[in-house]
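Inspection log for the structure reproduced underneath, given as structure tokens.
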Amino acid sequence: MSAGKTACAPDIAGVYRDNHRWLQDWLRRRLGNAWEAADLAQEAFVRLLAAPRTFSDTGHARAYLRGMANHLCVDLWRRREIEQAWLGMLAAQPPATLPSAEDQVIVLRALQDIDAMLRALPENTARAFILTAACGMTQQEAAQDMGISERMVRKHVARAALHCMLVEAGHPAQPAPAE
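Under the UniProt record's numbering, the first residue of the sequence shown is numbered 1, with each subsequent residue one higher.
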């Protein structure tokens, strides 16, 4: 799309043609890896295809694509962080107790899904849920740790559990109310 040209309908092919190489180069510089850059650039355009937009000019398209690519990079780094923690935990286990390779992948994907579900929640809601469900604290202990009442911990845990069940059931995640 030429600068200053106003689009009346989404021209995804034109946006792709005008910006794919630029986006891939931007991602390569950010990630230091051409293969991951190509994957994330492709993912950005797949998402754009799923929710087409019109752009007033190339600068507007690039700003939008850069923002989307930034989010994709953060997601990639989070997945890596979870994967490294999982691999570290596996490395500390005796070889005879390790799950099969298939089970390891299943657990890793489950951990990444749980992380995504919890990231969609307000911080205190996610924290209360993690302290009680994953760390084994009682609601009283979580309340003391967080400096809030047990009643608020119960509310946060219930909200988090409902959110996770809805996401798992395939319902679109609704933004959680502010704390």
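We treat Cβ as the ideally placed atom computed from N, Cα and C, and that holds for glycine.
Residues in its own chain within less than 7 Å of residue i by CB, not counting five upstream and five downstream?
i	result
R117	In the sequence under discussion, the amino acid at residue 117 is Met, which differs from the Arg named in the question. Once the five neighbours on either side are set aside, the close Cβ partners of M117 are H163, C164, V167.
I12	L48, L49, P52
L72	L40, E43, A44
Could you tell me if residue i is buried or exposed, where buried requires 16 or more neighbouring beta carbons within 10 angstroms of its beta carbon?
i	result
E102	exposed
Q140	exposed
V153	buried
Q93	exposed
A41	buried
Nearest by alpha-carbon distance to residue i: which of the options is it?
i	options	result
A37	L76, F55, A61, E83	L76
G147	Q104, C73, L131	L131
Q104	P94, A92, L87	L87
R80	A120, A44, D115	D115
R151	T125, Q112, G136	T125
L108	M89, C73, M137	M89
L65	A120, R127, A44	A44
R78	I106, R119, A133, S56	R119
A169	M137, D113, Q144, A133	D113
Tell me the rounded alpha-carbon separation between residue i and residue j.
i	j	result
E83	W26	25 Å
G14	T97	53 Å
T54	A63	13 Å
W35	R29	12 Å
P95	W22	46 Å
S149	V74	33 Å
D18	T58	8 Å
H60	L121	30 Å
H20	L31	16 Å
R127	C135	10 Å
Please work out which residues of its chain come closer than 6 Å, Cβ to Cβ, to residue i, disregarding the five sequence neighbours upstream and downstream, and give them in chain order.
i	result
residue 191	The requested residue 191 is not part of the displayed model; the chain covers only 1 to 179.
H171	none
Just to confirm, does residue i get its C-beta within under 7 Å of one of the non-hydrogen atoms of the ligand HEM?
i	result
R66	As for the ligand HEM, it is missing from this structure, which has no ligand bound.
Pick out the complete beta strand (DSSP E) segments inside the region 24-83, 3 residues or longer, and give them in chain order. Counting only runs of at least 3 residues, the region 24-83 fully encloses no beta strand (DSSP E) element at all.
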